[in-house]
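As structure tokens, the structure follows; a few thoughts come after it.
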Amino acid sequence: MVHKDQKAHLIPCDKDCYYQQQGYCTLDEITCITCFQDGCGYFTSTDPYADLSDDRYSL
0 MVHKDQKAHL
10 IPCDKDCYYQ
20 QQGYCTLDEI
30 TCITCFQDGC
40 GYFTSTDPYA
50 DLSDDRYSL
């Protein structure tokens, strides 16, 4: 029995993707997608959060 808080997926991945670690996808949540790049709809070769600014430290 899987509880809501437990992750129950082991998705093998061999792409050079930001989310791939030790041969598995590390995404916490997935959604229904219709566009695929390089065989995976979530593939990204860079950090998707790198361009977000952190305004907590700027004055």
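At position 12 of the sequence shown (counting the first as 1) the number is 11 in my numbering, and the numbers step up by one without a gap. Beta carbons: idealized from backbone N, C-alpha and C, even for Gly. Note that the structure is predicted; figures quoted are calculated from it, not measured.
Kindly list the residues whose CB is nearer than 8 angstroms to the CB of tyrosine 23, restricted to its own chain and excluding five residues on each side of it in sequence; keep chain order. As a working note, residue 23 is residue 24 in the sequence shown. Excluding sequence neighbours, tyrosine 23 sits near Leu9, Ile10, Pro11, Cys12.
Is cysteine 16 buried or exposed, if buried means 16 or more other CB atoms sit within 10 Å of its CB? Counting from one through the sequence shown, the residue named residue 16 turns up at place 17. Buried.
Pick helix, strand or coil for proline 11, following the three-state DSSP scheme. As a first step, residue 11 is located in the sequence shown; it is residue number 12 there, counting from the start. Residue state, collapsed to three classes: strand.
Just verifying my parser: in three-state terms, what is the DSSP assignment at glutamine 21? Your numbering for residue 21 matches position 22 in the sequence shown. Correct three-state label for glutamine 21: coil.
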